[in-house]
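To start, the structure itself, in structure tokens.
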Amino acid sequence: MEFEDRYRKVQRTKYDCLLFDLDDTLYPLSSGIAVECLKNIGDYMVEKLGIEESRIAELCNLLYKNYGTTMAGLRAVGYKFDHDDYHGFVHGRLPYEKIKPDPVLRHILLSLPIRKVIFTNGDKIHAAKVLKRLGLEDCFEGIICFETLNPPSSSSESETDGRIFDIVGHLSRPNEGVELPKTPILCKPYVEAMDQALKIANIDPQRTIFFDDSVRNVQAGKQIGLYTVLVGTSHRAKGADYALESIHNIREALPELWEEAEKSEDVLYSGKVAIETPVTA
Ligand SMILES: [Mg+2]
621 MEFEDRYRKV QRTKYDCLLF DLDDTLYPLS SGIAVECLKN IGDYMVEKLG IEESRIAELC
681 NLLYKNYGTT MAGLRAVGYK FDHDDYHGFV HGRLPYEKIK PDPVLRHILL SLPIRKVIFT
741 NGDKIHAAKV LKRLGLEDCF EGIICFETLN PPSSSSESET DGRIFDIVGH LSRPNEGVEL
801 PKTPILCKPY VEAMDQALKI ANIDPQRTIF FDDSVRNVQA GKQIGLYTVL VGTSHRAKGA
861 DYALESIHNI REALPELWEE AEKSEDVLYS GKVAIETPVT A
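Taking our numbering, the leading residue of the sequence shown gets 621, the next gets one more, and so forth.
Put into structure tokens, the structure is as follows:
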């Protein structure tokens with residue numbers, strides 16, 4: 621038993637991949653992008669889906685809470701729309717100029733000769749734009765994004781009868797025996813989606829550190845065996861192995877990453893592995 625514990629500890633200190641969320645993780649929440657994004661989602665629901673404006677705030681909140689993203693929730697309750705159209709509307713009009721170049725983070729990332737991969741629920745155009753604004757477009761081996769887990773063919777496969785499930789009513793008066801409908805969208809924090817993402821990128825969760833600003837994503841990450849770092853707060857929530865106020869604090873919080881990299885640089889830097897959706901601006 622004692623031997624097993626010691627063995628596990630030795631294994632635990634060895635990482636060969638850093639997996640990063642994008643929004644509000646690689647740049648701070650204070651940029652204001654998240655607020656603008658939420659506003660665009662509300663506008664999409666009013667303008668494109670014909671939902672009453674007075675219902676948007678509550679509906680958004682419930683869908684986000686129950687399905688991981690508002691988009692996944694909208695699809696689950698029965699709305700049909702083109703995924704690219706949604707992303708173009710919600711992300712396409714974001715004030716990207718609010719995201720500033722981050723040479724400090726760039727230096728930190730480039731000083732670590734181990735695999736670095738992005739895992740975002742956002743679309744690939746958004747991810748490329750954000751990374752370009754941050755000046756980090758060449759710092760990652762690849763991006764796992766919306767399209768990686770939800771290829772175009774999957775957007776039209778689930779036919780519905782046109783009826784919209786009343787999630788607000790359902791949650792305020794839960795009927796016994798009626799379950800929330802499932803979403804056809806694969807995204808964090810669904811364990812199934814996260815498992816698939818890791819498989820696509822050939823990532824071993826036991827040897828990977830996962831950075832995300834969402835507590836529930838971090839908890840899901842923990843569930844599938846990742847070492848987890850909650851970003852944007854110094855308060856370590858349940859499921860987080862570590863908490864970092866800013867992504868800039870990686871080096872202070874995890875100095876062993878650099879120590880290990882120095883010790884076994886040759887072994888760790890073993891080349892690139894292809895990911896379906898590569899980083900292309
Ligand atoms: Mg995030």
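Heads up, the beta-carbon is just placed ideally off N, CA and C, and yes, glycines get one too. A quick note: this is a predicted structure, and the numbers were derived from the prediction, not measured.
State the start and end residues of the unbroken beta strand (DSSP E) segment that holds residue i.
| i | result |
| --- | --- |
| Val851 | Tyr847 to Val851 |
| Asp832 | Thr828 to Asp832 |
| Leu639 | Cys637 to Phe640 |
Less than 6 Å between C-beta atoms, sequence neighbours within five positions excluded: which residues of the same chain meet that for residue i?
| i | result |
| --- | --- |
| Lys749 | Tyr716 |
| Ile823 | Cys637 |
| Ser775 | Here the model assigns Ser775 a pLDDT of 49, short of 50, so the residue's position is not dependable, and the following value carries that caveat. Taken in chain order, the residues that qualify are His703. |
| Leu806 | Leu769, Asn770 and Ala813 |
Tell me which same chain residues have a C-beta within less than 8 Å of the C-beta of residue i, skipping the five on either side of it?
| i | result |
| --- | --- |
| Leu649 | Asp833 and Gly852 |
| Arg783 | Gly698 |
| Glu777 | Caution is warranted here: a pLDDT of 49 is assigned to Glu777, below 50, making its placement in the model unreliable, and no coordinate value can be reported. |
| Gly845 | Pro825 and Gln826 |
| Leu874 | Ile829, Val849 and Tyr862 |
By a C-beta neighbour count over all protein chains shown, 10 Å radius and 16 as the cutoff for buried, is residue i buried or exposed?
| i | result |
| --- | --- |
| Val737 | buried |
| Lys808 | buried |
| Leu730 | exposed |
| Val849 | buried |
| Glu799 | exposed |
| Glu908 | Any answer about residue 908 is impossible in this case: the structure gives the chain only from 621 up to 901. |
| Glu882 | exposed |
| Leu791 | exposed |
| Arg793 | exposed |
| Arg713 | exposed |
| Glu672 | exposed |
| Val655 | exposed |
| Val835 | buried |
Please go through the same chain and pick out, in chain order, the residues whose beta-carbon is closer than 7 Å to the beta-carbon of residue i, but skip the five residues on each side of it.
| i | result |
| --- | --- |
| Glu896 | Caution applies to Glu896, whose pLDDT of 46 falls short of 50 and renders its modelled position unreliable; the value that the coordinates give is listed next. Cβ within range, chain order: Thr768 and Ile820. |
| Tyr687 | Gly693, Ala696 and Thr803 |
| Arg871 | Ile728 and Trp878 |
Quick one: does the C-beta of residue i sit closer than 7 Å to a heavy atom of ligand 2?
| i | result |
| --- | --- |
| Ser792 | As presented, the structure is devoid of ligand 2, carrying ligand 1 as its sole ligands. |
Is any beta-carbon of chain D found at less than 8 Å from that of residue i?
| i | result |
| --- | --- |
| Pro771 | This model lacks chain D altogether; it includes just one protein chain. |
Hey, could you find the ends of the alpha helix (DSSP H) residue i is sitting in?
| i | result |
| --- | --- |
| Ala817 | Val811 to Ile820 |
| Gly789 | Ile787 to Ser792 |
| Leu658 | Ile653 to Glu667 |
Item to check | Three or more C-beta pairs below 8 Å linking the stretch 747–755 and the stretch 667–676 | outcome: no
Next on the checklist: At 3 residues or longer, what runs of the beta strand (DSSP E) sit wholly inside the stretch 836–883?
Outcome noted: 847–851 and 862–864
Item to check | Complete beta strand (DSSP E) runs within the stretch 683–767 (minimum length 3 residues, chain order) | outcome: 735–739 and 762–764
Checklist entry - Does the stretch 659–671 come close enough to the stretch 851–867 that 3 or more CB-CB pairs lie under 8 Å? => result no
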